[in-house]
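Undergrad: Before I ask anything, here is the structure I am working with.
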Amino acid sequence: MSNWWLGLIQAHAGLFQESEDSILKALELSPIDPELERIYGALYCSYLGQKRYQEALDASDKALQYHPNQGHMLGWRAAALGHLGVEEEAKNPLNKYLVLRPNLKTRENFRQIFVPNSMLTDPNYRRFD
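If you read the sequence shown in the working numbering, its first letter stands for residue 5, the second for the next number, and so on.
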(Lines of atoms letter the chains of each structure in order from A and count residues from 1; the text may use other names and numbers.)
(Lines give C-alpha, C1' and ligand atoms only; values in the text may rest on other atoms or scores of the structure.)
Protein backbone atom coordinates (compact mmCIF):
# COMPACT_ATOMS: atom_id res chain seq x y z
CA MET A 1 0.00 0.00 0.00
CA SER A 2 2.99 2.36 0.19
CA ASN A 3 2.79 3.02 -3.56
CA TRP A 4 -0.90 3.78 -3.09
CA TRP A 5 -0.11 6.30 -0.33
CA LEU A 6 2.60 7.89 -2.44
CA GLY A 7 0.25 8.15 -5.42
CA LEU A 8 -2.52 9.69 -3.33
CA ILE A 9 -0.13 12.27 -1.87
CA GLN A 10 1.21 13.05 -5.34
CA ALA A 11 -2.34 13.59 -6.64
CA HIS A 12 -3.15 16.04 -3.85
CA ALA A 13 0.16 17.81 -4.54
CA GLY A 14 -0.76 18.24 -8.20
CA LEU A 15 1.75 15.69 -9.49
CA PHE A 16 -0.91 13.84 -11.43
CA GLN A 17 1.21 11.86 -13.91
CA GLU A 18 3.58 10.78 -11.16
CA SER A 19 0.53 9.84 -9.12
CA GLU A 20 -0.78 7.64 -11.90
CA ASP A 21 2.58 5.86 -12.17
CA SER A 22 2.72 5.17 -8.42
CA ILE A 23 -0.86 3.96 -8.25
CA LEU A 24 -0.50 1.68 -11.26
CA LYS A 25 2.61 0.24 -9.59
CA ALA A 26 0.53 -0.46 -6.47
CA LEU A 27 -2.03 -2.24 -8.63
CA GLU A 28 0.69 -4.24 -10.37
CA LEU A 29 2.27 -5.30 -7.07
CA SER A 30 -1.01 -6.17 -5.39
CA PRO A 31 -3.65 -7.07 -8.02
CA ILE A 32 -5.84 -8.87 -5.50
CA ASP A 33 -5.37 -6.44 -2.63
CA PRO A 34 -8.34 -6.58 -0.24
CA GLU A 35 -8.57 -2.80 -0.49
CA LEU A 36 -8.57 -2.43 -4.28
CA GLU A 37 -11.30 0.19 -4.04
CA ARG A 38 -8.75 2.52 -2.42
CA ILE A 39 -6.32 1.99 -5.27
CA TYR A 40 -9.03 2.71 -7.82
CA GLY A 41 -10.15 5.75 -5.83
CA ALA A 42 -6.64 7.18 -5.90
CA LEU A 43 -6.41 6.40 -9.61
CA TYR A 44 -9.62 8.39 -10.07
CA CYS A 45 -7.93 11.40 -8.44
CA SER A 46 -4.95 11.08 -10.75
CA TYR A 47 -7.10 10.88 -13.87
CA LEU A 48 -9.34 13.73 -12.72
CA GLY A 49 -6.30 15.94 -12.24
CA GLN A 50 -5.16 15.09 -15.76
CA LYS A 51 -8.64 15.88 -17.13
CA ARG A 52 -8.94 12.28 -18.32
CA TYR A 53 -12.58 12.08 -17.33
CA GLN A 54 -13.54 8.81 -19.02
CA GLU A 55 -10.69 7.02 -17.28
CA ALA A 56 -11.67 8.69 -14.01
CA LEU A 57 -15.20 7.39 -14.49
CA ASP A 58 -13.89 3.90 -15.22
CA ALA A 59 -11.77 3.98 -12.04
CA SER A 60 -14.74 5.10 -9.93
CA ASP A 61 -16.90 2.35 -11.42
CA LYS A 62 -14.27 -0.25 -10.51
CA ALA A 63 -14.12 1.08 -6.95
CA LEU A 64 -17.91 1.01 -6.69
CA GLN A 65 -17.91 -2.70 -7.56
CA TYR A 66 -16.42 -3.30 -4.11
CA HIS A 67 -18.56 -0.81 -2.16
CA PRO A 68 -21.57 0.27 -4.24
CA ASN A 69 -22.84 2.73 -1.63
CA GLN A 70 -19.56 4.45 -0.81
CA GLY A 71 -20.58 8.09 -0.56
CA HIS A 72 -17.49 9.87 -1.83
CA MET A 73 -17.09 7.47 -4.75
CA LEU A 74 -20.69 8.08 -5.83
CA GLY A 75 -19.95 11.80 -5.74
CA TRP A 76 -16.78 11.31 -7.75
CA ARG A 77 -18.70 9.24 -10.30
CA ALA A 78 -21.25 12.04 -10.63
CA ALA A 79 -18.44 14.58 -11.07
CA ALA A 80 -16.79 12.55 -13.83
CA LEU A 81 -20.13 12.18 -15.61
CA GLY A 82 -20.67 15.93 -15.31
CA HIS A 83 -17.26 16.61 -16.85
CA LEU A 84 -18.17 14.23 -19.68
CA GLY A 85 -21.34 16.24 -20.31
CA VAL A 86 -23.84 13.53 -19.40
CA GLU A 87 -25.63 15.41 -16.65
CA GLU A 88 -28.77 13.28 -16.84
CA GLU A 89 -26.78 10.14 -16.06
CA ALA A 90 -25.00 11.99 -13.23
CA LYS A 91 -28.24 12.76 -11.35
CA ASN A 92 -28.72 9.33 -9.76
CA PRO A 93 -25.23 8.97 -8.24
CA LEU A 94 -25.30 12.65 -7.24
CA ASN A 95 -28.60 12.28 -5.39
CA LYS A 96 -27.34 9.15 -3.60
CA TYR A 97 -24.16 11.00 -2.68
CA LEU A 98 -26.06 13.98 -1.26
CA VAL A 99 -28.06 11.67 1.00
CA LEU A 100 -24.94 9.85 2.21
CA ARG A 101 -22.71 12.94 2.56
CA PRO A 102 -24.92 15.94 3.44
CA ASN A 103 -21.96 17.71 5.06
CA LEU A 104 -19.77 17.56 1.97
CA LYS A 105 -21.17 19.58 -0.93
CA THR A 106 -18.53 22.18 -1.84
CA ARG A 107 -14.80 22.50 -2.39
CA GLU A 108 -14.62 24.41 0.87
CA ASN A 109 -16.32 21.52 2.71
CA PHE A 110 -13.71 19.14 1.25
CA ARG A 111 -10.88 21.42 2.33
CA GLN A 112 -12.27 21.68 5.86
CA ILE A 113 -12.88 17.96 6.28
CA PHE A 114 -10.05 16.32 4.34
CA VAL A 115 -7.16 17.99 2.55
CA PRO A 116 -6.98 21.76 3.03
CA ASN A 117 -4.50 22.46 0.25
CA SER A 118 -5.32 19.75 -2.30
CA MET A 119 -4.70 20.72 -5.91
CA LEU A 120 -7.80 18.68 -6.73
CA THR A 121 -9.96 21.43 -5.20
CA ASP A 122 -8.26 24.31 -7.02
CA PRO A 123 -10.09 25.06 -10.29
CA ASN A 124 -7.29 27.43 -11.34
CA TYR A 125 -4.46 24.95 -10.78
CA ARG A 126 -1.87 24.87 -13.56
CA ARG A 127 1.33 22.89 -13.21
CA PHE A 128 4.49 24.73 -14.15
CA ASP A 129 7.52 22.54 -14.80
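The C-beta atom is built at its ideal place from N, Cα and C for all residues, glycine as well. The structure displayed is predicted, hence computed values, not measured ones.
Does DSSP put E59 in a helix, a strand or coil?
TA: Helix at E59.
Undergrad: In this structure, does DSSP put T125 in helix, strand or coil?
TA: Note: T125 maps to helix in three-state DSSP.
Undergrad: For K95, name the three-state secondary structure that DSSP assigns.
TA: Helix at K95.
Undergrad: Can you look up S6 in the DSSP assignment and give me helix, strand or coil?
TA: Correct three-state label for S6: helix.
Undergrad: Taking only heavy atoms of the ligand SAM into account, decide whether any of them is closer than 8 Å to the Cβ of D37.
TA: With respect to the ligand SAM, the structure shown offers nothing to examine, as it has no ligands at all.
Undergrad: Considering only C-alpha positions, which residue in the set E41, G53 and L40 is nearest to T125?
TA: The shortest Cα separation from T125 among E41, G53 and L40 belongs to G53.
Undergrad: Could you check where the alpha helix (DSSP H) with K29 kicks off and where it finishes?
TA: F20 to L33 is the span of the alpha helix (DSSP H), which, as asked, contains K29.
Undergrad: What did DSSP end up calling D163 once you bin it into helix, strand or coil?
TA: This structure cannot settle anything about residue 163, because the visible part of the chain is limited to 5 through 133.
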